[in-house]
Amino acid sequence: DSANNGEIFEKLSIKASVADSNKCDRCWNYRKEVGEIEKYPTLCNRCAEVIEEVQSQT
């Protein structure tokens, strides 16, 4: 259906859809694991680990 009637380019179609996961407040990536770490409910696991590492160095 031409990606929901979007503009058609030769040999290229782009379709946008709503993410089925949560956006990390730090990196803005959408990941299902956002909020798994109770101490950082708005961060993905990767960002939470970075924050922990930075805080341990101060």
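Going by this note's numbering, the sequence shown opens with residue 27, and the numbers climb by one from there. Ideal placement from N, C-alpha and C gives every residue a C-beta, glycine not left out. Please read all numbers here as calculations on a predicted model, not as lab measurements.
Bounding residues of the alpha helix (DSSP H) (the contiguous stretch that carries residue i)
i, result
"A42", "Where A42 is concerned, there is no enclosing alpha helix (DSSP H), given that its DSSP letter is neither H nor E."
"V76", "N71 to S82"
Alpha-carbon spacing of residue i relative to residue j, whole angstroms
i, j, result
"E78", "V44", "30 angstroms"
"N55", "A74", "13 angstroms"
"E59", "S82", "23 angstroms"
Beta-carbon proximity list for residue i, same chain, < 8 angstroms, skipping 5 on both sides
i, result
"I63", "L69, N71 and A74"
Contact set for residue i: own chain, Cβ-Cβ below 6 angstroms, skip 5 residues either direction
i, result
"K49", "Y56"
"G61", "P67"
Secondary structure of residue i, DSSP reduced to three states
i, result
"K49", "strand"
"Y56", "strand"
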